[in-house]
Amino acid sequence: MMKVLLIIADGLGDRPSPVLGGKTPLEAAIKPNIDYLAKNGITGLIDPIAPGIIPGSDTSHLTYLGYDAYKYYTGRGPFEALGSGLKLEPGDIAFRANFATVDGNNIVRDRRAGRIRSGTDLLAKSLNMKIEDTDIFFKEGIEHRAALVLRGEGLSPEVSDNDPHEENVAVPKVVPLSKKGEKTARILNEFYDRSRKILNEHEVNREKREKSMPEANAILFRGGGVVPELPNFEIKHGIKGGYIAAVSLVAGICRLAGMKNFTPSGVTGSTDTNVVAKLKAAVEGLKEVDFILVNIKGTDIAGHDGNGMKKKEFIEKIDRAIGEVLMNEKDSLVIAFTGDHSTPASLKEHSSDPVPIFIHYKGSRRDGIENFNEMSVRGGTLRLRGNDLMNLLLSSANMAEKFGA
Ligand code: ZN
Ligand code: ZN
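Residue numbers (our numbering): 1175 to 1579.
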């Protein structure tokens, strides 16, 4: 049996880029260590969900870990709340929320409170409270965005939004969409009223009033869903799992799966992160558990920025870290390297383009690919969907059982 290291360079896949002479970032990158492992291992393309489906990082990580995303992905509310860094529990009800500006007649004047940029952490802190027996957690996100979470007995996501999705109309009361949603609607309406008072008197808004800036004096929420209960990773796969991820969305999913956190301090979730520290923590963690997922976010950030050059350079940084940390470990580990989806710099968004993958372990077949990239791996062994990945990794590590006699 070997232990498994799954490195996910977030949004790794790409398309040919004019600033890279028509090559993809992966193709243009100088990456001797990645190329060595790919050449001496098996390679191919992975459709994270299925051909033509554009994955989010949440749905693809769920799928890679062996969970049916169509069953366990309960909407953007819960998963964005996971991404906010709130430590959610199964059964929590979570909403996407906005700081907004409403006038004295409760009419929405700005759904985004002037795209407020500062002070939202202080405002958010003031909105954690208890109503009846329900704990309410509120966490700021980027600009006007935030997450609203309810934890308590008898709650349900079967309630209407209070976000009218347009301006110059009144903020509607939350209404239950079924009998189950009655308590939740009552608590949300109470939360809205209390938060109006708290925000109105808050120092951050007092300063905004003095400067005649739009006040963040109301909370609009939408898209409520229940945080899913994921079957425990160890029970599901029969091995102990761990994770390393600076991005709270990925960390939150792994945490829900009961995996152990080995994330070292000082990682950033962007291109300035310390990849060496992450890989070292992974090698160390694999003394304790059988499988570790490492998410490295910088590739996706560069893709969203539309910066193919930066993506190429970040891939080179990953390669140097692999060279420094993993080349001495390569005969004792199954090392898999892929992305959770493509984020082509030309699109600045995720795409359904399949993602290159290599799996290297001692004694594996050799596909002989010289330059590991989106095109070359078409000549490789593998063509798979994300939900095949755990099976493939377990069998590579001699941890799978025979199907049949
Ligand atoms: Zn992603
Ligand atoms: Zn992304």
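Just so it is clear, CB atoms sit at the ideal spot from N, CA and C, and this is done for glycine as well. Just so it is clear, the structure is predicted and the values come from calculations on it, not from any experiment.
- Here Arg1285 really is in contact with Asn1272; their C-beta atoms are around 6 Å apart, less than 8 Å.
- Distances from the CA of Ala1203 to each of Lys1522, Lys1485 and Ile1533 were compared; the closest alpha carbon is that of Lys1485.
- For Ser1191, the shortest separation between its Cβ and any heavy atom of ligand 2 does not lie below 8 Å.
- For Ile1204, no pairing in a beta bridge is given by DSSP.
- The straight-line gap separating the alpha-carbon atoms of Arg1494 and Ala1455 is approximately 16 Å.
- When DSSP assignments are scanned along the segment 1191-1236, the uninterrupted stretches of beta strand (DSSP E) that are 3 or more residues long and fall wholly within it turn out to be 1216-1221.
- Closest by C-alpha distance to Pro1190, out of Ala1571, Leu1521 and His1515, is Leu1521.
- For Gly1397, the enclosing beta strand (DSSP E) starts and ends at Ala1392 to Val1400.
- Under the three-state reduction of DSSP output, Tyr1238 falls in the helix class.
- When Ser1231, Val1282, Leu1256 and Ala1212 are compared, the shortest CA-CA separation from Arg1270 is found for Leu1256.
- Shortest gap from the CB of Ser1520 to any heavy atom of ligand 2: 8 Å or more.
- At least one heavy atom of ligand 2 sits closer than 8 Å to the Cβ of Gly1185.
- For Ser1444, the shortest separation between its Cβ and any heavy atom of ligand 1 does not lie below 8 Å.
- In this structure, DSSP gives Met1303 an extended state, which the three-state scheme calls strand.
- Below 8 Å, enough C-beta pairs join the segment 1250-1266 and the segment 1391-1401 to call them touching: three or more.
- DSSP, read as helix, strand or coil, puts Glu1314 in strand.
- Residue pairing by DSSP places Gly1416 opposite Lys1434 and Ile1466 in a beta bridge.
- In this structure, Ile1496 lies away from Val1463, with their beta-carbon atoms at least 9 Å apart.
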